[in-house]
Amino acid sequence: MQIKAWIKRTLIYTLILAFGFSLGLAGQVSANSYLNQSFMPAPEYPKNESGETYGSALKATSPANEPDLIQAIGEDGTVGYVRNSDLIDKQPKTPEEALKMNTETCEKEITLYASDGKTVIGNFKITKGIVVER
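Anchor point for the sequence shown: position 2 equals 12 in the working numbering, and the numbering is continuous, going up by one each time.
Shown next as structure tokens:
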């Protein structure tokens, strides 16, 4: 009689554990699919004659859907566009190289274009690092 009761309890505990495990796994899968959703649709940017998209990067929901030509203000206050590819800098290969790059001061001038992506209308300056004025 004791063996039957023991088997019954073991079976009940096993079923409860299996149910709990299944419920936890289902919750995990549901949470992962929920978190991977973007709550905002990717923006639709206008295209120029060359098929390049242009507009403000502020509308982008991720770096992957930024426009080809990103709106920028040039050194002289002119509003234009810089190439997305011109903004991407060399990536470090090691942590040491990353630290060194972070401490370096550099300025980089990028061409500022009209929305056609061809007409040069000015320059856009990027400054990184610590600038100390004396």
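Every residue, glycine too, gets a C-beta built ideally from N, C-alpha and C.
Residue i classed as buried or exposed, judged by whether at least 16 other C-beta atoms fall within 10 angstroms
i	result
residue 23	exposed
residue 65	buried
CA-to-CA distance, residue j to residue i, given in whole angstroms
i	j	result
residue 114	residue 78	28 Å
residue 99	residue 32	46 Å
residue 128	residue 70	23 Å
residue 55	residue 104	36 Å
residue 17	residue 25	12 Å
residue 30	residue 37	11 Å
Own chain residues within Cβ distance below 6 Å of residue i, not counting five before or after
i	result
residue 89	83
Chain-order list of residues whose beta-carbon lies under 8 Å from that of residue i (same chain, five-residue window excluded)
i	result
residue 92	79, 80, 82, 120, 121, 122, 123 and 134
As assigned by DSSP and simplified to three states, the class of residue i
i	result
residue 13	helix
residue 133	strand
residue 23	helix
residue 74	helix
residue 52	coil
Proximal residues to residue i (C-beta, below 7 Å), its chain only, five neighbours per side dropped
i	result
residue 62	78, 79 and 127
Restricting to runs no shorter than 3 residues, where is the beta strand (DSSP E) found entirely within the segment 98 to 128? 116 to 123
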